[in-house]
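Shown next, in structure tokens, is the structure this report addresses.
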Amino acid sequence: MPTNPARRKLLADAGLRVLADAGARGLTHRAVDAEAGVPTGTCSNYFGSRDELLGALAEHVLVRIGPTPERLAELADREPDLGLLVDYIRYIVERTTEAPELTVALFELRLEARRRPTLAATLGDTLVGAHRDDVAFNVERGLPGGATEIALLRFAIDGLLLDRLTVPLAPDLDTDHLVETIVRRLVGPSTGAPPPAGASGGGEAVQ
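Throughout, our numbering is defined as the position within the sequence shown, counted from one, plus 123.
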């Protein structure tokens with residue numbers, strides 16, 4: 124089997140674009156070859172089956188949208204308060220929306236995983252690992268909330284991303300403000316932190 128890392132990455136990147144544009148049903152070795160601009164048969168040389176290709180994409184997508192050590196170090200140097208947690212979650216949204224096709228591809232992988240146990244296992248390990256990293260950052264910095272609160276934030280942010288990247292329910296609402304509102308309402312009450320600017324204790328900020 125070929126072991127050229129650069130070519131493997133090229134194909135994986137192309138595979139994610141195909142997933143985002145054509146969905147899981149449109150993901151074929153031939154489609155990836157065409158998207159990557161390589162000779163027909165190249166993708167099948169690196170990923171012998173469709174399951175192998177999907178598994179590789181499940182691992183690669185989180186690498187593409189993962190945090191950079193430099194940005195994490197910058198955040199870790201700050202005062203451990205609710206504002207830092209808000210900015211940490213903002214960073215998740217920032218890096219998952221600056222290349223929206225990657226997040227759309229991740230949603231496609233999650234849907235396809237319902238039908239493919241092998242993909243579900245690979246993608247599950249990848250997602251759980253990313254969640255574990257988020258919890259570790261929170262705990263190590265002494266930020267408000269624990270594993271349950273971080274999971275709740277992830278559920279809310281994933282829903283927000285799905286909304287923003289598909290058919291927005293309320294397109295006029297500012298995404299950044301929504302992120303801050305989500306964090307403060309899920310985690311803030313136990314800290315006594317004030318609501319974001321322009322928000323009240325009721326539901327006006329997100330109506």
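Where a beta carbon is used, it is the ideal one built from N, C-alpha and C, also for glycine.
Sorting Gly146, Ala143, Thr163 and Ala145 by C-alpha distance to the C-alpha of His152 places Thr163 at the top. Counting only residues of its own chain and dropping the five nearest sequence neighbours on each side, Val184 has a CB closer than 7 Å to the CB of Leu139, Leu225, Ala228, Leu229 and Leu232. Non-local beta-carbon contacts of Ile280 in its own chain, meaning distances under 8 Å to residues more than five positions away in sequence, involve Ile212, Ile215, Val216, Val302 and Ile305 in chain order. No Cβ-Cβ contact shorter than 8 Å links Leu266 with Leu195. Looking from the CA of Ala244, the closest CA among Thr165, Glu182 and Lys132 belongs to Glu182. In the DSSP assignment, Glu303 falls within the unbroken alpha helix (DSSP H) covering Thr298 to Val310.
DSSP, read as helix, strand or coil, puts Phe170 in coil. Between Gly252 and Ala293, the alpha-carbon positions lie close to 32 Å from each other.
With distances taken between CA atoms, Arg239 lies nearest to Arg148 out of Arg148, Leu309 and Gly189. Less than 8 Å separates the beta-carbon of Leu180 from that of Ala135.
Apart from the 5 residues on each side of it in sequence, Ala154 sits with its Cβ closer than 8 Å to the Cβ of Val141 and Ala145 in its chain, given in chain order. Inter-residue distance for Asp200 and Pro192 is about 12 Å (C-alpha atoms, whole angstroms). Counting of Cβ neighbours within 10 angstroms places Asp257 among the buried residues, the total reaching 16 or more. Look at Ile188 here: in three-state DSSP terms it is coil, with no helix or strand label. The DSSP-derived three-state label of Asp295 is coil. With contacts defined by Cβ atoms closer than 8 Å, Leu309 and Leu284 do not form a contacting pair. Excluding the 5 residues flanking it on each side, Gly269 has same chain C-beta neighbours closer than 8 Å at Val258, Asn261 and Val262, in chain order.
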